[in-house]
Amino acid sequence: MSTNTPKPDYRHAFWLCAALLAACTSTPPQPNWQLSASGSSERFVAAYLEGNQRVEAAEFARLQRELSATGKVELLARAELLRCATRIASLVLEPCAGFERLRQDAPVPERAYADYLAGRLQPQDAALLPAQQRAAASGNADAASLKTLADPLSQLVAAGVLLQNGRASPAVVALAVDTASGQGWRRPLLAWLGVQAALAEKAGDTQGAAQIKRRMDLTALPAPTASPATPAKP
183 MSTNTPKPDY RHAFWLCAAL LAACTSTPPQ PNWQLSASGS SERFVAAYLE
233 GNQRVEAAEF ARLQRELSAT GKVELLARAE LLRCATRIAS LVLEPCAGFE
283 RLRQDAPVPE RAYADYLAGR LQPQDAALLP AQQRAAASGN ADAASLKTLA
333 DPLSQLVAAG VLLQNGRASP AVVALAVDTA SGQGWRRPLL AWLGVQAALA
383 EKAGDTQGAA QIKRRMDLTA LPAPTASPAT PAKP
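Under the numbering used here, the letters of the sequence shown match residues 183 to 416, in that order.
Written out as structure tokens, the structure reads:
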């Protein structure tokens, strides 16, 4: 049996991360803030999805400092939206307070994306979303349409929005579980397994629900720590 572990995918292919650092495409050497912001954006997303909130908070604070130095509200707004997207992916369904403080000065596409995350996107604003998110935002979104999203985080965000709107089928929940599991993202995996367990209980499948809860217990186990080395005898 192969012992190779799939490498987690942190590409965040939807527009938030790419647009966040759009200025980085210039030919001259990148300013330090761009390099630092790029690393912090990736690290805070990874830390949150893996369940390390301390690192996530520190990296996001660093990202905010770098972006605020530019005075560009659109960059700060996109960072807040990316952070809120990780919450939706993990079924933390709460207002995107950081973005709302910037909403009045944020560009229209960012406002539309915030409405999408909140589950209140107007149909006429769907065209403002990234192309790969438009299908997920439609009234016909299902597990099949979510599978067309190449980026794992985009899949989980779309599934979270569907759940928020009461439109997540068992197939969507199963897809979210598989996606989070495949990436090794502990936080969203636990959240989606909880939904899956609740669905099993509602359907009267007590054995299935118990099995899912055992899997949750395994997922929630802290990473083992190395035993202290035994000192050598003189």
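For each residue, glycine too, the CB sits at the ideal point set by N, CA and C. None of these values were measured; they are calculated from a predicted model.
Residue closest to residue i, alpha-carbon to alpha-carbon, out of the options
| i | options | result |
| --- | --- | --- |
| Lys254 | Gly342, Arg265, Ala288, Arg293 | Ala288 |
| Ala382 | Leu338, Pro352, Ala296 | Pro352 |
| Gly376 | Arg302, Ala391, Trp367, Ala340 | Ala391 |
| Leu258 | Leu284, Ala240, Asp387, Glu224 | Leu284 |
| Thr268 | Gly342, Glu248, Lys384 | Gly342 |
| Gln315 | Tyr295, Arg302, Leu357, Gln304 | Tyr295 |
| Leu372 | Thr401, Asn234, Val339, Trp215 | Thr401 |
| Leu249 | Glu276, Gly221, Val274, Ser272 | Gly221 |
| Glu232 | Glu262, Ser363, Ser218 | Ser363 |
| Ala332 | Gly321, Asn322, Leu344, Ala317 | Ala317 |
| Gln365 | Pro213, Gly348, Pro334, Ala261 | Pro334 |
| Leu263 | Gly321, Val339, Trp215, Val237 | Val339 |
| Phe226 | Gln246, Gln216, Gln212, Leu273 | Gln246 |
| Leu271 | Gln306, Gln389, Ala300, Arg293 | The amino acid occupying residue 271 in the given sequence is Ala; Leu does not appear at that position. Among Gln306, Gln389, Ala300, Arg293, the Cα nearest to that of Ala271 is on Ala300. |
Reduced DSSP category for residue i - H, G, I as helix; E, B as strand; rest coil
| i | result |
| --- | --- |
| Asp399 | helix |
| Thr330 | coil |
| His194 | Caution is warranted here: a pLDDT of 45 is assigned to His194, below 50, making its placement in the model unreliable, and no coordinate value can be reported. |
| Ala323 | coil |
| Leu349 | Leu is not the amino acid found at residue 349; the sequence shown has Arg there. Looking at Arg349 - three-state DSSP - the assignment turns out to be coil, as it is neither helix nor strand. |
| Leu303 | coil |
| Asp387 | coil |
Endpoints, the alpha helix (DSSP H) within which residue i is located
| i | result |
| --- | --- |
| Val352 | In the sequence as displayed, the identity of residue 352 is Pro instead of Val. Where Pro352 is concerned, the enclosing alpha helix (DSSP H) stretches over 352-365. |
| Gly376 | 368-384 |
| Leu338 | 334-346 |
| Ala318 | 313-319 |
| Gln216 | 214-232 |
List, from N- to C-terminal side, the alpha helix (DSSP H) runs of 4 residues or more that fit wholly inside the region 251-301.
Listed in chain order, the alpha helix (DSSP H) elements of length 4 or more contained wholly in the region 251-301 are 255-271, 279-282, 290-299.
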